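Right, one structure below, let's go through it.
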Amino acid sequence: MRPQDILLPNAAGLCCKPGGFHIDPVRPVERAVITHGHSDHARAGHGAVLATQETLDMMRLRYGENFAGSTQAIRYGEEIRLGDVKVKFHPAGHVLGSAQVAVSCKDTCIVASGDYKDAPDPTCAPFELVPCDVFITEATFGLPVFRHGDASDEVKKLLASVALFPERAHLVGAYSLGKAQRVIKLLRLAGYDAPIYLHGAMETITHYYQSRGIDLGELKPVKGMKKAALAGTITLAPPSATSDLWTRRFPDPVTAFASGWMRVRARARQRGVELPLVISDHADWDGLTATIAATGAGEIWVTHGQEDALVHWCRSKGLKARPLDLVGYGDEEESETPIQAEAEA
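Each residue of the sequence shown is one higher than the last, beginning at 290 in this note's numbering.
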């Protein structure tokens with residue numbers, strides 16, 4: 290069966306006509322299959338939603354209990370039939386509950402990666418390589434300049450700065466779903482056992498991570514703390530909060546930002562970031578190309594980012610490749626929308 294007869298982009302997103310569903314649709318549809326809880330992939334208003342339990346929970350935290358007409362949880366490795374296709378979820382290594390969606394029809398298997406990374410992350414299931422005929426890959430960091438390195442080394446930079454400036458507070462901008470919890474866990478694994486403070490917009494999802502058995506150590510709300518007491522501390526906040534009046538409550542704050550975009554120095558300067566931390570929940574160039582090669586797929590569809598360079602690389606390796614040109618998807622690190630309206634004044 291031709292791949293385009295199984296999955297095809299339309300105005301709502303990636304449509305599976307023989308299965309009667311869309312993957313990560315950008316507008317309300319009758320049935321949605323959702324890869325993970327970030328707002329550019331998981332939207333409210335669908336008739337029915339199929340996702341991992343963690344993703345469904347995150348959508349409830351973001352949108353409220355009635356975010357969809359009905360929901361169905363699916364486990365990693367579980368296969369279900371939707372219409373004329375079989376659907377199976379596999380870990381994507383992006384954030385807690387994130388999944389790749391394998392869609393099989395007759396003798397053809399297509400894997401839609403959603404967002405993914407192949408780097409270690411102690412807060413979510415690791416990326417699982419899934420052999421397939423067609424691999425649909427994201428390309429957020431699909432340029433050779435993006436090589437992220439070891440996230441633990443970036444955390445060491447943060448801790449070195451804390452030790453160097455004990456009189457200053459360190460504010461770490463990080464997306465509130467996935468990135469913040471990963472940074473906290475990496476700090477704990479590096480031996481940092483002091484309380485870590487949270488902006489109000491971080492609290493709900495971070496406590497959810499803890500409820501799923503992820504030990505993040507002692508966490509405290511920054512609200513109500515005296516300015517002097519925050520010297521020498523680390524606070525996690527949405528990126529947007531690190532550049533507004535909220536920061537005035539901290540003593541001479543060092544502004545850090547944990548993002549793959551911090552590889553670009555001009556981006557760090559533009560944001561006024563004093564301490565850029567190259568920590569990403571997306572695969573870098575080497576991760577993207579290695580994953581594509583390892584899937585064994587003969588055809589690659591590229592979406593969500595720097596599509597042209599990755600398409601060119603695929604074709605240079607003898608693979609059939611094309612951009613999907615899906616609209617409505619952004620980078621969650623660039624368009625932070627905190628879960629619930631908890632931002633502090």
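We put the beta carbon where it would ideally sit given N, CA and C, even for glycine.
A quick note: this is a predicted structure, and the numbers were derived from the prediction, not measured.
Going by the DSSP bridge assignment, what does residue i pair with across the sheet?
{"i": "Ala-362", "result": "Ala-340"}
{"i": "Ile-581", "result": "Ile-581 is not bridged to any residue."}
{"i": "Ile-485", "result": "Leu-508"}
{"i": "Thr-592", "result": "Glu-427"}
{"i": "Ala-388", "result": "Pro-380"}
{"i": "Ala-610", "result": "Ile-589"}
{"i": "Leu-460", "result": "Thr-524, Thr-544"}
{"i": "His-335", "result": "Ala-357"}
{"i": "Val-374", "result": "Leu-371"}
Of the residues the options, which one's Cα is nearest the Cα of residue i?
{"i": "Phe-378", "options": "Ile-425, Ser-359, Val-419", "result": "Val-419"}
{"i": "Ile-312", "options": "Cys-398, Val-390, Ala-526", "result": "Val-390"}
{"i": "Cys-421", "options": "Gly-594, Thr-584, Arg-611", "result": "Thr-584"}
{"i": "Leu-505", "options": "Leu-460, Ser-529, Ala-479, Lys-516", "result": "Ala-479"}
{"i": "Asp-597", "options": "Ala-321, Met-491, Glu-427, Ser-441", "result": "Glu-427"}
{"i": "Ala-518", "options": "Ala-483, Ala-301, Ala-526", "result": "Ala-483"}
{"i": "Pro-542", "options": "Gly-549, Met-551, Leu-566, Ser-532", "result": "Ser-532"}
{"i": "Asp-570", "options": "Thr-344, Lys-406, His-327, Asp-294", "result": "Lys-406"}
{"i": "His-330", "options": "Thr-592, Cys-603, Ser-605", "result": "Thr-592"}
{"i": "Leu-360", "options": "Val-472, Ala-337, Pro-415", "result": "Note that residue 360 corresponds to Thr in the displayed sequence, not to Leu. Checked all of Val-472, Ala-337, Pro-415; the closest Cα to Thr-360 is Ala-337."}
{"i": "Gln-293", "options": "Arg-332, Pro-380, Ser-393", "result": "Ser-393"}
{"i": "Ile-399", "options": "Ile-581, Leu-577, Gly-607", "result": "Ile-581"}
{"i": "Ser-402", "options": "Phe-424, Phe-310, Ala-408, Asp-396", "result": "Phe-424"}
{"i": "Gly-386", "options": "Gly-358, Ala-357, Thr-344", "result": "Thr-344"}
{"i": "Lys-515", "options": "Arg-537, Gln-499, Arg-501, Ser-529", "result": "Arg-537"}
{"i": "Ile-568", "options": "Leu-577, Asp-410, Lys-606, Gly-513", "result": "Asp-410"}
{"i": "Asp-346", "options": "Gly-358, His-335, Ala-362, Gly-334", "result": "Ala-362"}
{"i": "Glu-563", "options": "Leu-447, Gly-576, Pro-612, Gly-521", "result": "Leu-447"}
{"i": "Thr-495", "options": "Ile-473, Ala-545, Tyr-481, Phe-416", "result": "Ile-473"}
{"i": "Ser-465", "options": "Ala-321, Tyr-497, Ala-301, Asp-575", "result": "Tyr-497"}
{"i": "Leu-487", "options": "Val-511, Leu-475, Leu-432", "result": "Val-511"}
{"i": "Ala-440", "options": "Lys-606, Phe-454, Ala-458, Leu-476", "result": "Leu-476"}
{"i": "His-459", "options": "Leu-350, Thr-522, Ala-301", "result": "Thr-522"}
{"i": "Arg-604", "options": "Trp-590, Gly-594, Lys-306", "result": "Trp-590"}
{"i": "Arg-320", "options": "His-327, Ala-610, Cys-305", "result": "Cys-305"}
{"i": "Glu-417", "options": "Gly-382, Ile-369, Gly-438", "result": "Gly-382"}
{"i": "Ala-388", "options": "Thr-544, Leu-339, Thr-429, Ala-555", "result": "Leu-339"}
{"i": "Ala-572", "options": "Asp-396, Ala-408, Thr-397", "result": "Ala-408"}
On the criterion of 16 or more Cβ atoms from any shown chain inside 10 Å, does residue i qualify as buried, or is it exposed?
{"i": "Ser-624", "result": "Low per-residue confidence applies at Ser-624: pLDDT is 46, beneath 50, and the placement is therefore not dependable enough to give any value."}
{"i": "Gly-308", "result": "buried"}
{"i": "Gly-489", "result": "buried"}
{"i": "Glu-492", "result": "buried"}
{"i": "Leu-534", "result": "exposed"}
{"i": "Leu-296", "result": "buried"}
{"i": "His-601", "result": "exposed"}
{"i": "Pro-627", "result": "Residue confidence is low: Pro-627 scores 38 on pLDDT, short of 50, so the model does not pin down where it sits. No coordinate-derived value is stated."}
{"i": "Ala-630", "result": "Caution is warranted here: a pLDDT of 30 is assigned to Ala-630, below 50, making its placement in the model unreliable, and the coordinate value is therefore given only provisionally. Looking at its Cβ environment, which holds fewer than 16 other Cβ atoms inside 10 Å, Ala-630 is exposed."}
{"i": "Ala-452", "result": "exposed"}
{"i": "Val-434", "result": "exposed"}
{"i": "Ala-634", "result": "Any reading at Ala-634 needs caution, since the residue's pLDDT is 29, under 50, leaving its predicted position unreliable; the model's value is listed next. It is exposed - the Cβ of Ala-634 has fewer than 16 other Cβ atoms within 10 Å."}
{"i": "Ala-547", "result": "buried"}
{"i": "Arg-332", "result": "buried"}
{"i": "Gln-342", "result": "exposed"}
{"i": "Glu-443", "result": "buried"}
{"i": "Gly-576", "result": "buried"}
{"i": "Ala-457", "result": "The sequence shown places Arg at residue 457, not Ala. Buried, since its Cβ has 16 or more Cβ neighbours within 10 Å."}
{"i": "Ala-449", "result": "exposed"}
Name the two residues that bound the continuous alpha helix (DSSP H) containing residue i.
{"i": "His-496", "result": "489-500"}
{"i": "Lys-474", "result": "468-478"}
{"i": "Ala-547", "result": "From DSSP, Ala-547 is part of no alpha helix (DSSP H) but of the beta strand (DSSP E) over 543-547."}
{"i": "Arg-556", "result": "554-560"}
Please list the terminal residues of the continuous beta strand (DSSP E) segment that includes residue i.
{"i": "Ala-530", "result": "Element bounds for Ala-530: n/a, residue is neither H nor E."}
{"i": "Leu-321", "result": "For clarity, residue 321 is Ala in the given sequence; the question names Leu instead. Counting along the chain, the beta strand (DSSP E) containing Ala-321 begins and ends at 320-322."}
{"i": "His-327", "result": "That residue, His-327, is in no beta strand (DSSP E); it is neither H nor E in DSSP."}
{"i": "Pro-565", "result": "564-566"}
{"i": "Gly-302", "result": "302-305"}
{"i": "Phe-356", "result": "It is not in any beta strand (DSSP E) - Phe-356 carries neither H nor E in the DSSP assignment."}
{"i": "Ile-310", "result": "For clarity, residue 310 is Phe in the given sequence; the question names Ile instead. Its beta strand (DSSP E) spans residues 310-312."}
{"i": "Arg-291", "result": "From DSSP, Arg-291 is part of no beta strand (DSSP E); its letter is neither H nor E."}
{"i": "Glu-367", "result": "From DSSP, Glu-367 is part of no beta strand (DSSP E); its letter is neither H nor E."}
{"i": "Leu-519", "result": "Run containing Leu-519: none; DSSP gives neither H nor E here."}
{"i": "Pro-540", "result": "Counting along the chain, Pro-540 falls outside any beta strand (DSSP E), and DSSP gives it neither H nor E."}
{"i": "Pro-298", "result": "297-299"}
Confirm the yes/no value for this check: CB of residue i, any heavy atom of the ligand COA, distance under 6 Å.
{"i": "Ala-401", "result": "As presented, the structure is devoid of all ligands, the ligand COA included, so that no description of it is given."}
Uninterrupted beta strand (DSSP E) stretches inside the stretch 391-458 (no shorter than 3 residues): With a minimum length of 3 residues, the continuous beta strand (DSSP E) runs that stay inside the stretch 391-458 are 397-401, 423-428.
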